[in-house]
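A.B. asks: Sequential numbering from 24 applies to the sequence shown in the numbering used here.
We put the CB at the ideal spot given by N, CA and C, even for glycine.
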Amino acid sequence: MVSRRLNDNDLSTATAMALFRAHLAFAGASVWSLAEYDFEDGFYGVGCPHCHLSVTIAIGIHGRYSAHRDWDQGDIRRRPLQEADPSDLDGLAAWMHETARDLDFAQLAEGLTWLFGRAECPECASTFVIGDQYAADNEPHHSSDGPIPAGGW
24 MVSRRLNDND LSTATAMALF RAHLAFAGAS VWSLAEYDFE DGFYGVGCPH
74 CHLSVTIAIG IHGRYSAHRD WDQGDIRRRP LQEADPSDLD GLAAWMHETA
124 RDLDFAQLAE GLTWLFGRAE CPECASTFVI GDQYAADNEP HHSSDGPIPA
174 GGW
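#1: Which same chain residues, not among the five before or five after Asp160, have their C-beta less than 7 Å away from its C-beta?
#2: Which residues mark the beginning and the end of the beta strand (DSSP E) in which Phe66 is found?
#3: On a CA-only basis, which of Ser89, Ala129 and Ala158 is nearest Gln105? Give me that one, please.
#4: Am I right that Gly134 and Ala107 are in contact with their C-beta atoms under 8 Å? What's the rounded C-beta distance?
#5: Once the 5 residues before and after Ile99 are set aside, which same chain residues still bring their CB inside 7 Å of it?
#6: Could you check whether Leu138 and Ile82 sit closer than 8 Å to each other, using their CB atoms as the reference points?
#7: In this structure, does DSSP put Phe128 in helix, strand or coil?
#8: With a cut-off of 8 Å on the beta carbons, I'd call Ala52 and Leu115 a contact; round off their distance for me.
#9: So Phe62 and Thr79 are in contact, right, with Cβ under 8 Å, and what is the actual spacing, rounded?
#10: Closer than 6 Å by C-beta to Ser149: which residues in its own chain qualify, once you throw out the five before and the five after it? Chain order, please.
#11: Where does Ile84 sit, in a helix, a strand or coil, going by DSSP?
#12: Under a three-way DSSP split, which group does Ser35 fall into?
#13: Would you check if the distance between the CB atom of Cys144 and the CB atom of Leu76 is smaller than 8 Å?
#14: Ends of the alpha helix (DSSP H) at Asp160?
#15: List the residues that DSSP assigns as beta-bridge partners of Gly97.
#16: Using beta-carbon positions only, say whether His120 and Pro103 come within less than 8 Å of one another.
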């Protein structure tokens with residue numbers, strides 16, 4: 024039902040975004056259902072999957088780059104991001120981009136091409152897909168005992 028309602032042309036922006044997030048949650052992608060999609064002034068923190076440096080990802084008016092965030096100096100050793108080609112996106116990333124485009128959420132659709140693009144670590148120079156690393160760092164961990172901790176709440 025969520026997917027069908029997303030295709031309705033009579034939805035308000037807020038309702039369409041709520042249904043977009045609901046679809047992601049029902050698909051099991053809780054990290055994306057809860058993510059901030061502020062591509063006007065967005066900053067995302069990820070760990071480099073190779074050297075584990077804390078990397079800041081900027082997508083917005085301040086630029087599109089990866090950097091190390093220094094308390095005194097700000098974002099240092101900036102590296103430009105590599106935007107993903109929308110035709111190269113697959114799975115959930117492709118669905119998110121296509122749905123944002125179909126809903127006329129141009130800023131979201133463009134931002135997703137950067138979020139699912141590649142970043143370079145300013146420390147070790149390895150590259151990684153930003154969205155994959157963001158999901159790995161932020162996806163809630165589930166207990167093998169189920170959603171309720173052993174011993175209950």
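C.D. replies: Considering the structure as presented:
#1: Val69 and Gly70
#2: Asp64 to Gly70
#3: Ser89
#4: The pair is not a contact, with the Cβ atoms about 11 Å apart (cut-off 8 Å).
#5: Ala90, His91 and Asp93
#6: yes
#7: coil
#8: 6 Å
#9: Their Cβ separation, rounded to whole angstroms, is 15 Å, which puts Phe62 and Thr79 out of contact at 8 Å.
#10: His73
#11: coil
#12: coil
#13: yes
#14: Ile153 to Asn161
#15: Asp93
#16: no
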